[in-house]
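The next block holds one structure in the form of structure tokens; read it before the comments.
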Amino acid sequence: MATGSAISKINAARPHMAPHCHSRLKQCREQKHHNDLAFSYVSLRRPIEVGQPPATGAFLQRSLKEPTLFRMFYEKGNFPIAIEFDTKGNKIAWKIEIEKLDYHHYLPLFFEGLAETEHPYAFFARQGVNDLLEHGGQKILPVIPQLIIPIKKALNTRNPVVICAVLKALQHLVISAELVGEALVPYYRQILPILNLFKNKNTNVGDAIDYGQQRRENLGDLINETLQLLEKHGGEDAFINIKYMVPTYESCML
Numbered sequence: 000m001a002t003g004s005a006i007s008k009i010n011a012a013r014p015h016m017a018p019h020c021h022s023r024l025k026q027c028r029e030q031k032h033h034n035d036l037a038f039s040y041v042s043l044r045r046p047i048e049v050g051q052p053p054a055t056g057a058f059l060q061r062s063l064k065e066p067t068l069f070r071m072f073y074e075k076g077n078f079p080i081a082i083e084f085d086t087k088g089n090k091i092a093w094k095i096e097i098e099k100l101d102y103h104h105y106l107p108l109f110f111e112g113l114a115e116t117e118h119p120y121a122f123f124a125r126q127g128v129n130d131l132l133e134h135g136g137q138k139i140l141p142v143i144p145q146l147i148i149p150i151k152k153a154l155n156t157r158n159p160v161v162i163c164a165v166l167k168a169l170q171h172l173v174i175s176a177e178l179v180g181e182a183l184v185p186y187y188r189q190i191l192p193i194l195n196l197f198k199n200k201n202t203n204v205g206d207a208i209d210y211g212q213q214r215r216e217n218l219g220d221l222i223n224e225t226l227q228l229l230e231k232h233g234g235e236d237a238f239i240n241i242k243y244m245v246p247t248y249e250s251c252m253l
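Following numbering that gives the first Met the number 0 from start to finish, the sequence shown increments by one per residue and tops out at 253.
This is the structure in structure tokens:
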């Protein structure tokens, strides 16, 4: 058996551990303790707090920064229009023949009015677009470049009612005259991002945008319907350009 002096000599011969080593050793032991707890029943009793992801605001509606030119022209009485009442509902009474209108002037103004949500501006803009497209014929195609910014501005409001109004106007525009669908292809990058954003939003906007028509009220369905129409009338380059902007879109032509 070692004597007291022998034990003292043995302890004296052992290397002394530096203070920082003691601290490191303590941390390792604590870490091991926590790791052991992670796989024990104790971990089941610990509440886990998971915070909500930060809101991106991508779907938040955005108000217009300034009054539309359509509203300004309407308030000044610069449009040859009035409301006409009949048994089927309200409609626009044009004071001159639509075919005689300057489409380079009026069609972009009415398209800008699609961003409006208040009566009577919204009614006149949407009904006016329909009337102009119905009677425009060959006058429509040359005006396409002037329509892109109003369409983009209206879509960027991210207002489901406004978006649906624009989508219906786009559908009517595509079939209003020959080559219009193909003329829109170069502008997909400007008009399709919002469609891609809302493509899976099953928002039902009711008849607020349809003026009595009880159909086509679901935003997601209306977007897909519009994309299909763009593909059908956009020529051979339409699908690949739609797919680039809306990756989840599947061709309706296969």
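Yeah, the Cβ is synthetic: ideal placement off N, Cα and C, and Gly gets one too.
{"query": "Could you tell me the distance, in whole angstroms, from the CA atom of H118 to the CA atom of G56?", "result": "27 Å"}
{"query": "L191: which of K152, Y105, C251 sits nearest, CA to CA?", "result": "K152"}
{"query": "Would you please state the rounded distance, in angstroms, between the beta carbons of E230 and S250? I believe it to be under 8 Å.", "result": "7 Å"}
{"query": "If you compare alpha carbons, which of F123, Q60, I143 is closest to F72?", "result": "F123"}
{"query": "Contact between the segment 100-118 and the segment 160-172 is defined here as three or more beta-carbon pairs at a separation below 8 Å; is this criterion met?", "result": "yes"}
{"query": "Could you pull out every residue in the same chain whose Cβ sits closer than 6 Å to the Cβ of G180, ignoring the five residues on either side in sequence?", "result": "V173, H232, G233"}
{"query": "Please classify T86 as buried or exposed, where buried requires at least 16 neighbouring CB atoms within 10 angstroms.", "result": "exposed"}
{"query": "For the putative contact between I91 and I80, defined by C-beta atoms under 8 Å, what is the C-beta separation to the nearest angstrom?", "result": "5 Å"}
{"query": "One question on the structure: do P144 and E111 come within less than 7 Å of each other, judged by their Cβ atoms?", "result": "no"}
{"query": "Do R70 and Y120 have their C-beta atoms within less than 7 Å of each other?", "result": "yes"}
{"query": "Let's test the definition: count the other Cβ atoms within 10 Å of the Cβ of S175 and tell me whether it reaches 16, buried, or not, exposed.", "result": "buried"}
{"query": "Work out the CA separation of N89 and A182 for me, nearest whole Å.", "result": "33 Å"}
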